[in-house]
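Mapping of the sequence shown onto the numbering used here: position 340 corresponds to residue 340, and the numbering continues sequentially without gaps. Glycine is no exception: its CB is placed at the ideal position from the N, C-alpha and C atoms. Heads up, the thing below is written out as structure tokens.
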Amino acid sequence: MVARVNTVSFQGIDVRSIDVQVQISSGLPSFTIVGLPDKAVAESKERVRGALHALGLSLPAKHLTVNLAPADLSKEGSHFDLPIALGLLAAMDVIPKDSLENFLVLGELSLDASIRPVAGILPAAMHASSNDNRLICPEDCGGEAAWAGGLDILAPRDLLQLINHIKGTQVLSPPAAKLGNEQLRGGPDISEVKGQETAKRALEIAAAGGHNLLMIGPPGSGKSMLASCLPGILPPLAPREALEVSMIHSLAGTLPDGGLLKHRPFRDPHHSASLPALIGGGHRVKPGEISLAHRGVLFLDELPEFARATLESLRQPLETGEALVARVNHHVRFPARFQLIAAMNPCRCGHLGEEDLECTKAPRCGTDYQSKISGPLMDRIDLQTDVPAVKVADLNVSGGENSASVAARVAAARRIQSERFAKFAESGINMLNANADGKILEEIAVPDSGAKDLLNRAMENRKFSARAYYRVLRTARTVADLETAHSGVANPEISRTHMAEALSYRRVQLI
Ligand SMILES: Nc1ncnc2c1ncn2[C@@H]1O[C@H](COP(=O)(O)OP(=O)(O)OP(=O)(O)O)[C@@H](O)[C@H]1O
Ligand SMILES: [Mg+2]
């Protein structure tokens with residue numbers, strides 16, 4: 001007779017049900033796992049054998065076959081250990097065969113029979129919840145699984161505890177939901193940045209509307225510092241967003257302390273990052289930096305230093321909000337609705353355009369350096385601002401507006417947007433001006449006649465692309481929303497001043 005245990009396999013953010021079938025038949029002693037297992041799954045035999053040995057059990061000297069159905073779907077990861085072990089225990093009649101019905105099982109085994117944490121528990125728990133299943137997961141993942149809500153969870157520390165629970169000699173208590181990053185990632189307060197009023201304003205607009213931003217300036221002018229102020233002015237994730245973002249981090253195994261994320265992710269990969277690290281993929285498909293930055297910020301410091309192919313690969317996700325990773329025989333999708341914040345120097349020496357400081361190769365070195373950023377990528381950046389060297393006079397002035405008051409304005413502007421988008425967006429996901437498209441954009445961003453005139457003229461004189469036209473429109477909508485948040489007076493239409501400010505952040509060309 002065949003013992004059956006349910007588990008899952010992850011295909012990007014999608015979860016597929018897997019049926020683990022275990023059969024013990026007469027024949028020469030052997031232990032085979034079939035159903036396209038990868039190396040981690042194939043090695044699971046040794047861990048299972050070791051864990052059972054630690055409990056004083058040995059595998060029968062018979063023909064053992066484990067089939068992971070459906071057989072044509074490749075299986076990755078170490079979470080198959082526990083379902084395979086439980087299937088074997090059921091087939092060996094150590095536990096009743098029907099005791100595992102309706103359970104979804106995930107967990108990695110150690111040789112001492114303890115159950116180690118695995119990635120992807122939150123999406124698996126959501127899957128179990130939607131299929132009316134119960135869940136067995138490692139103790140360390142219980143706090144994460146509990147977020148699926150209304151789910152019956154067993155989170156044992158080791159295999160013995162679990163067997164005892166199934167046999168009724170010990171009762172495991174259900175785990176409590178755990179909250180993750182209570183503490184905000186500690187960046188500087190925006191009041192610590194001296195001068196740079198234009199850049200601060202651009203940062204506020206970017207935060208309010210979810211726009212992409214590029215800061216260009218000489219070394220030491222505060223670009224990296226400004227970017228690290230951003231987590232302090234962004235509002236926390238809405239509950240539905242927190243669940244969505246945490247699912248991705250759960251798959252990557254980067255959930256802090258196994259709890260749910262509360263604050264928006266801020267990812268700042270080094271410029272040596274490879275294409276799979278940024279977009280996702282690799283030997284075992286994992287979400288890349290752009291997916292880990294979903295509903296948050298991707299900060300690319302020293303933008304031209306990134307490999308050209310890596311930068312170009314951002315083009316599609318920036319438009320679609322999705323990372324598509326091609327595998328040999330299928331595609332894997334991860335959500336990637338991130339906000340790109342980038343910083344760069346104007347040239348290699350960094351002082352292009354500064355009297356006495358620029359090198360002898362200017363302006364050629366600037367053209368060469370800036371041409372590393374392609375036109376299409378630049379076109380996708382709504383706000384492009386200069387961050388000039390700080391003046392001594394500015395450094396000696398103390399204190400500007402602090403992060404808390406900027407954050408309050410940003411939150412108010414985002415509230416205005418979520419009220420406006422309520423009728424279009426999925427409930428619980430706050431849509432932002434930067435993501436409005438097509439018909440929705442035409443409906444929400446209506447310029448008055450002066451503003452329209454200004455935009456049309458800019459379009460003609462500055463040879464804007466159609467994309468740039470719509471991006472300016474979205475930025476202008478955010479500028480108007482920020483004014484409403486500040487003054488309390490509604491701005492249903494975009495005025496000429498809003499449009500002029502939005503246009504001022506689009507540079508004709510870099511130099
Ligand atoms: N506007 C500013 N106000 C206060 N301190 C500043 C300012 N700009 C720079 N600093 C100081 O200089 C340090 C370096 O700044 P930062 O790293 O942000 O420069 P950067 O513009 O990113 O330079 P680079 O182009 O070399 O990366 C900061 O940690 C801060 O102490
Ligand atoms: Mg820097």
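For residue i, three-class secondary structure by DSSP
{"i": "P287", "result": "strand"}
{"i": "T169", "result": "coil"}
{"i": "K39", "result": "helix"}
{"i": "N67", "result": "strand"}
{"i": "M225", "result": "helix"}
{"i": "D189", "result": "coil"}
{"i": "I511", "result": "Because I511 carries a pLDDT of 47, less than 50, the predicted location of this residue cannot be relied on, and the following value inherits that uncertainty. In this structure, I511 counts as coil in the three-state DSSP scheme."}
{"i": "Q316", "result": "helix"}
{"i": "E46", "result": "helix"}
{"i": "P60", "result": "coil"}
{"i": "R157", "result": "coil"}
{"i": "R277", "result": "Arg is not the amino acid found at residue 277; the sequence shown has Ala there. Three-state result, A277: helix."}
{"i": "P335", "result": "strand"}
{"i": "R308", "result": "helix"}
{"i": "A445", "result": "coil"}
{"i": "L52", "result": "helix"}
{"i": "L73", "result": "coil"}
{"i": "A199", "result": "helix"}
{"i": "L531", "result": "Nothing in the structure corresponds to residue 531, since the chain is present only between 1 and 511."}
{"i": "L352", "result": "coil"}
Residue i - containing beta strand (DSSP E), residue span
{"i": "E322", "result": "E322 to A326"}
{"i": "T32", "result": "S30 to V34"}
{"i": "S487", "result": "Looking at the DSSP string, S487 is not in any beta strand (DSSP E); the run it does join, the alpha helix (DSSP H), is A466 to S487."}
{"i": "A3", "result": "V2 to Q11"}
{"i": "D14", "result": "D14 to S25"}
Check whether residue i and residue j have beta carbons under 8 Å apart
{"i": "L441", "j": "Y470", "result": "yes"}
{"i": "I190", "j": "I163", "result": "no"}
{"i": "H205", "j": "M344", "result": "Rather than His, the amino acid found at residue 205 in this sequence is Ile. Taking 8 Å as the Cβ cut-off, I205 and M344 do not qualify as a contacting pair."}
{"i": "L515", "j": "S58", "result": "What is shown of the chain runs 1 to 511, which leaves residue 515 out entirely."}
{"i": "L311", "j": "L377", "result": "yes"}
{"i": "C229", "j": "S403", "result": "yes"}
{"i": "A436", "j": "P235", "result": "no"}
{"i": "V390", "j": "S221", "result": "yes"}
{"i": "L55", "j": "L122", "result": "no"}
{"i": "K178", "j": "G259", "result": "yes"}
{"i": "T475", "j": "D382", "result": "yes"}
{"i": "P335", "j": "I13", "result": "yes"}
{"i": "R496", "j": "A451", "result": "yes"}
{"i": "H249", "j": "L255", "result": "yes"}
{"i": "L100", "j": "A128", "result": "no"}
{"i": "V325", "j": "G280", "result": "yes"}
Residues near residue i in its chain [Cβ-Cβ closer than 7 Å; skip 5 each side]
{"i": "A252", "result": "A119, K286, P287 and L292"}
{"i": "A550", "result": "Residue 550 lies beyond the residue range present for the chain, which begins at 1 and ends at 511; the question has no answer from this structure."}
{"i": "G353", "result": "P346"}
{"i": "P138", "result": "G107, I115, R116, P117, V118 and A155"}
{"i": "S17", "result": "N6 and V8"}
{"i": "V472", "result": "L455, A502, L503 and R506"}
{"i": "E289", "result": "R267, P269, A273, A277, L278 and L298"}
{"i": "P60", "result": "I24 and M92"}
{"i": "F528", "result": "It is not possible to answer for residue 528, since the shown part of the chain is limited to 1 through 511."}
Beta-carbon proximity list for residue i, same chain, < 8 Å, skipping 5 on both sides
{"i": "N430", "result": "A238, E241, R414, Q417, S418 and F421"}
{"i": "G350", "result": "P218 and P219"}
{"i": "K62", "result": "I24, S25, S26, G27 and P29"}
{"i": "N491", "result": "A480, D481, E483, T484 and H498"}
{"i": "D81", "result": "S44, R47, V48, A51, G107, E108 and L109"}
{"i": "A309", "result": "L275"}
Close beta carbons around residue i, own chain, < 6 Å, minus the five adjacent residues each side
{"i": "A91", "result": "A3, V22 and I24"}
{"i": "L510", "result": "Residue placement at L510 cannot be trusted, given a pLDDT of 47 that sits under 50; the coordinates are not used to answer."}
{"i": "L340", "result": "N212 and L298"}
{"i": "A485", "result": "R409, A412 and A413"}
{"i": "N102", "result": "N133 and R134"}
{"i": "D301", "result": "S224 and A343"}
Alpha helix (DSSP H) segment containing residue i, residue limits
{"i": "R496", "result": "R496 to S504"}
{"i": "L455", "result": "S449 to N461"}
Sequence ranges, beta strand (DSSP E) only - wholly within the region 355 to 442, length at least 3:
List check, beta strand (DSSP E) in window: 383 to 386.
Ignoring anything shorter than 4 residues, give me the alpha helix (DSSP H) runs that lie fully in the region 81 to 153, in order along the chain.
Taking only runs of at least 4 residues, the alpha helix (DSSP H) segments lying wholly in the region 81 to 153 are 81 to 91, 121 to 130 and 142 to 145.
Start-end ranges of the alpha helix (DSSP H) lying completely within the region 202 to 273, minimum 4 residues
223 to 233 and 239 to 252, all fully within the region 202 to 273.
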